[in-house]
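I have placed the structure first, in the form of structure tokens, so that the comments after it can refer back to it.
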Amino acid sequence: MHKVYTDIVEISGDVITVEAEGVGYSEIARITTSRGVSLAQVIRLDGKRVSLQVFAGSKGISTQDKVRFLRSPMRVASGSNLLGRIFNGSGLPLDNGPELNENLIDIGGPPVNPVKRIIPDKMIRTGIPMIDVFNSLVESQKLPIFSIAGQPYNDLLARIAIQAEVDIIVLGGMGLKYDDYLFFRDTLDAQGALSRSIFFMHTASDPIVECLLVPDISLAVAENFALQGKRVLVLLTDMTNFCDALKEISITMEQIPSNRGYPGDLYSQLASRYEKAVDFDTAGSITILAVTTMPGDDVTHPVPDNTGYITEGQFYLKNRVIEPFGSLSRLKQQVNGKTRDDHRVIMDTMIQLFASYRETLEKQSMGFGMSDWDKKLLRYGKLFEEKMMSLKVNVSLEKALDLGWEIMASCFAPEETGIKKSMIEKYWPGIRQTKNGKD
Amino acid sequence: MEHKRTGSVIKINGNMVTAESDNFIIQNEVAYVVSGQEKLKAEVIKVRGKTAQMQVYENTSGLKLGDKVEFSHELLSVELGPGLLSEIFDGLQNPLPGLARQCGFFLKRGVYLPALEDSKEWPFNPLCQTGQIVRAGDKLGFTQEKIFKHYIMAPFSLAGDLEVVEIAPEGKYNLQQPIARLKDETGKIHPAFLKQSWPVKIPITAYRKKLKPQTPLVTKMRLIDSLFPVARGGTYCIPGPFGAGKTVLQQLTSRHAEVDIVIIAACGERAGEVVETLKTFPSITDPRTGRPLSDRTVIICNTSSMPVAARESSVYTAVTIAEYYRQMGLNVLLLADSTSRWAQAMREMSGRLEEIPGEEAFPAYLESRIASFYERAGEVELRDGSIGSITIGGTVSPAGGNFEEPVTQATLKVVGAFHGLSRSRSDSRRYPAIDPLISWSKYKSFISEEQVAAGQAILRRSSDISQMMKVIGEEGTSLADYIDYLKGEFFDFVYLQQNAFDKVDEATDQKRQKHVFDFIYNNILNKRFVFSDKAKALHFFQSLRQLFKGWNSVEPSSEEFKKIEQEILLLLKENTNA
């Protein structure tokens, strides 16, 4: 069997150093302490000194505890047996189910060859008009939800998990409050979505190193399904906690910080996770939606900033709604031309009018008089906020487009919207009916 | 070479591996770490006594202390020869389509393929005779690669006068058959092949002299060509926050720029963007040659999730290939997206080497590395009198969109033009989002200096007035000021902004730019307008703008073009004070 080492020479933070031989880089070891057993990963080799990151944290580790190297990198079980199950960041069950050890796959596998990717062109419907109509989510897209603490981002994620038209949901929780974890579990269970979901949960009280494993383990499992032709949606919350865990560990490791204490490779660390989003040529796809809370609502903070450079757009969740300005899906043009012929018209016109409404609001707050046009805009803006923006709205894309026409028709004359005549004739409520009546 | 030098691994930290050897070690030589069946490529980046610190171009999982290291005696090099065009390489010049055929979806570590297919035969036409004296870089013959005459040159690595002792007759040769034998001054005979290799971190300097970049490089982007031009052989940078359109700008440039060859270095950015380029370029026709755009393009693709150390070398790989084509007297454009990711790769390595950090933990040599990269651009006169050039355009992704950071500042010191993108322009959908108030260029435009100055002046004035109006309101602004404000806005909307989705408007050639700029300068910027009130002025400029937008999307050769021009003149006539 594997040799056991008991010469722990250093314990600092969650990193222990043991003297051992013949150890491979990134290898996994099992540490047996008086408190139980934990996994650890080799993060540095220097002569006989082997530094390990202990997943369960170093609290209570004695210098004479036993370290056994397992001669393999970090692995996780894969396959359909995982569906409906809940695990922690090390891949151990949290749901009283059996431990899984079949079809083990390496986590943090190699990157996809760019020439084997295809240009994404399939929309994922979510039933949320602010996404479907205005910033469509596309298969293989990686999108963060930029938000601040206190906003209902987890509610939003849960809703997307329930409604999104995909085969499998992988939910990775990092630094979650325990009640948030319960919320996800109970909501998905109640809506019957648990059976197509897999949870990897790290709560705020769990050891910090496990937090780092959550994205890798979630994406490794997702990738395995995608290679079998499944369309997988990976939901991660909250990536800022992941970055903070990175920061904590790199500082413990005495790495030189670059920006506000974050390690210099923050960009590469985030990119290697987000870039797992892929639409495989001849197989399935991985789509990533990740919550990124912005400390102090500051988009130039290193975490949202680096994220923005990596992802394909972002959703801004502000004041309990997805803010149309600042939210962007870079891939929407690939899909919104193929849905219904009025999709882009509705998208452009309604946003332009909403921008005018915001200007009018500003004028109103400065005490200027309101013209007839201003009054129309105010009415429109209110309707838009109530019937489109509110996260309570839950309708299909087609219904949402119809709703868009109705809202505009109830506020404006057709020519005031600047919409092409042919579109007005086809869709504008009053006109459409009379025309149909004649037919 | 004597026996192979080897060493063994004594330390591993991320992708930095330290090896010990009893033999000599060469700085920057390539070494391979042997782990079971796999051999991982690495580069020596620091030598200390008997130890070599190496950056491994792969994931180092599973490597062990004591693993064998083989030193190759060669610096990190690329293969140069026919067959580079329309290929897609990673940062170490592995052909990605070849890797996909061999390994499937993923980039398996330790698999390296030759950049060029050795067995492929190319027609060779000799251009020199036996007995002739040549020097490194001189043309020995040529072959045909796509639409280009691909010259086969005397190896760049040979020094002094070389006598051609043998030259192959016209015929078909593969890359391993010698096409010439050259005798150097010491009497040693060197074979020459259709391909040669060259270390990426050393510039190819087999030319007579470097010239001052003077000819404008037409990108067909009006804002760039007219106001902030780039010269052939010059350098420019595009810093901007995320979402401001850096990559779209680079893509448009790679499509429309009037150069022979475009080399795209996708360095640490999204894979999806490269996919778009590599899937669409084969089906887009280059109007200048009638051939697919991919025929004149080489893509070096080391996207953000690919190994970081190879990202560092990818820009060097790209610029070396550019230098090779420049040696043939071609005009090459190198687009690097993004140099910040390249700088970050240096930072990661520097941290692992435990070097004393500079600002924001970037290494102290950041500036000199950036400078020496951009210095590899330039227009050169070759030894046969022909001219070739490399123009380098690099994007910069400053943290938080703030230009006061080390990479942007180091870049600004060495480039000839600065195209700064602003979030406020991109938020208000003014594309290209290059901010005319902060950008500059040291190169000369094909538009006269006087006209350029007038254009920039009205933009500044207009912006000043619009700032003022925010405070004192439209009512408090004088009519003359208001007209200047409208003039500036008009110039911005119809000339600086371009619609990338309009077939005609997306690219404007030099002739048309001159014509339209002349027209605007003479009839609008330099004219006084008289209106009875602000509403009339606004209405006039709105109608003018509408006509111009229509004009912008009409082919210059069409009847429509002349018709709209007359309409605009008529409208102007009714409103100007002669």
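Those sequence lines, one after another, are chains A and B. Start counting the first sequence at 1; every next residue gets the next number (our numbering). Start counting the second sequence at 1001; every next residue gets the next number (our numbering). All residues carry an ideal CB built from backbone N, CA and C; glycine is no exception.
Where residue i meets chain B, residues with beta-carbon distance less than 9 Å
i                     : result
residue 122 (chain A) : What residue 122 (chain A) touches in chain B: nothing, since even the nearest Cβ is about 14 Å away.
residue 55 (chain A)  : Those do not exist, as residue 55 (chain A) stays about 17 Å from chain B at its closest Cβ, beyond 9 Å.
Per-residue burial, residue i [other beta carbons within 10 Å of its own, 16 or more giving buried]
i                      : result
residue 1139 (chain B) : buried
residue 332 (chain A)  : buried
residue 368 (chain A)  : exposed
residue 1109 (chain B) : buried
residue 487 (chain A)  : Beyond the ends of chain A as shown, which are 1 and 439, falls residue 487 (chain A); an answer cannot be given.
residue 362 (chain A)  : exposed
residue 191 (chain A)  : exposed
residue 401 (chain A)  : buried
residue 1114 (chain B) : exposed
residue 1472 (chain B) : exposed
residue 273 (chain A)  : buried
residue 1578 (chain B) : With a pLDDT of 47 at residue 1578 (chain B), under the threshold of 50, the predicted position of this residue should be treated as unreliable, and no value is reported.
residue 436 (chain A)  : Because residue 436 (chain A) sits at a pLDDT of 47, beneath the cut-off of 50, its placement in the model cannot be relied upon, and the point is left open.
residue 366 (chain A)  : exposed
residue 1281 (chain B) : buried
residue 1287 (chain B) : exposed
residue 1005 (chain B) : buried
residue 62 (chain A)   : exposed
Identified DSSP bridge partners for residue i
i                      : result
residue 144 (chain A)  : A:290
residue 1207 (chain B) : Answer by DSSP bridge pairing: none, since residue 1207 (chain B) is not bridged.
residue 1086 (chain B) : Looking at the DSSP assignment, residue 1086 (chain B) forms no beta bridge with any residue, so it has no partner.
residue 1198 (chain B) : B:1078
residue 129 (chain A)  : Bridge partners of residue 129 (chain A): none, in fact.
residue 1171 (chain B) : B:1124
residue 75 (chain A)   : A:106
residue 1190 (chain B) : B:1182
residue 1440 (chain B) : B:1418
residue 1018 (chain B) : B:1011 and B:1053
residue 1301 (chain B) : B:1266
residue 1546 (chain B) : Answer by DSSP bridge pairing: none, since residue 1546 (chain B) is not bridged.
Same chain, Cβ closer than 8 Å to residue i, neighbours up to 5 away in sequence not counted
i                      : result
residue 1414 (chain B) : 1235, 1370, 1371, 1374 and 1375
residue 70 (chain A)   : 2, 27, 28, 29 and 30
Own chain, CB closer than 7 Å to residue i, minus 5 neighbours either side, in chain order
i                      : result
residue 92 (chain A)   : 99
residue 7 (chain A)    : 18 and 19
residue 1439 (chain B) : 1228, 1418, 1419 and 1420
residue 439 (chain A)  : Confidence at residue 439 (chain A) is low in this model, with a pLDDT of 39, below 50, so its placement is unreliable and the value that follows should be read with caution. Correct list: empty, nothing qualifies.
residue 1008 (chain B) : 1019, 1020, 1066, 1067, 1068 and 1069
residue 1082 (chain B) : 1122, 1143, 1145, 1150 and 1194
residue 1365 (chain B) : none
residue 1001 (chain B) : Since pLDDT at residue 1001 (chain B) reaches only 46, below the 50 mark, its modelled position is unreliable, and the value read off the structure follows with that caveat. The answer, listed in chain order, is 1073.
residue 1183 (chain B) : 1162, 1163, 1165 and 1189
residue 90 (chain A)   : 39, 55, 210 and 213
Residue i Cβ short of 7 Å to the ligand GTP heavy atom set
i                     : result
residue 407 (chain A) : Summarising the ligand content, the structure contains no ligands, and the ligand GTP is consequently not present.
Chain B contact residues for residue i, given Cβ-Cβ distances below 7 Å
i                     : result
residue 356 (chain A) : Within chain B, no residue comes near residue 356 (chain A); the closest Cβ sits about 14 Å away, beyond 7 Å.
residue 305 (chain A) : 1399 and 1400
residue 309 (chain A) : 1242 and 1397
Chain-ordered neighbours of residue i on chain B, where CB pairs are closer than 8 Å
i                     : result
residue 312 (chain A) : 1270 and 1272
residue 24 (chain A)  : 1061, 1062, 1063 and 1064
residue 300 (chain A) : 1399, 1400, 1401 and 1402
Residues near residue i by beta carbon distance below 6 Å, same chain, minus five either side
i                      : result
residue 1394 (chain B) : 1237, 1336 and 1339
residue 231 (chain A)  : 166, 167, 284 and 285
residue 1350 (chain B) : 1363
residue 1289 (chain B) : 1147
Cross-chain neighbours of residue i in chain A, by beta carbon under 7 Å
i                      : result
residue 1013 (chain B) : 44
residue 1179 (chain B) : Here the premise fails: no neighbours, minimum Cβ distance about 32 Å.
residue 1546 (chain B) : Within chain A, no residue comes near residue 1546 (chain B); the closest Cβ sits about 13 Å away, beyond 7 Å.
Chain-ordered neighbours of residue i on chain A, where CB pairs are closer than 8 Å
i                      : result
residue 1308 (chain B) : 265 and 268
Chain A contact residues for residue i, given Cβ-Cβ distances below 9 Å
i                      : result
residue 1303 (chain B) : 111, 114, 271 and 275
- Within the stretch 1315 to 1389 of chain B, note down every full alpha helix (DSSP H) run reaching 4 residues or more, in order along the chain. 1339 to 1352 and 1366 to 1374
- Would you mind listing the alpha helix (DSSP H) stretches within the stretch 242 to 312 of chain A that are 4+ residues and don't spill past its ends, in chain order? 266 to 274 and 302 to 310
- Could you name each continuous beta strand (DSSP E) segment of 3 residues or more that falls completely within the stretch 12 to 50 of chain A, going from the start of the chain to the end? 15 to 19, 28 to 33 and 36 to 46
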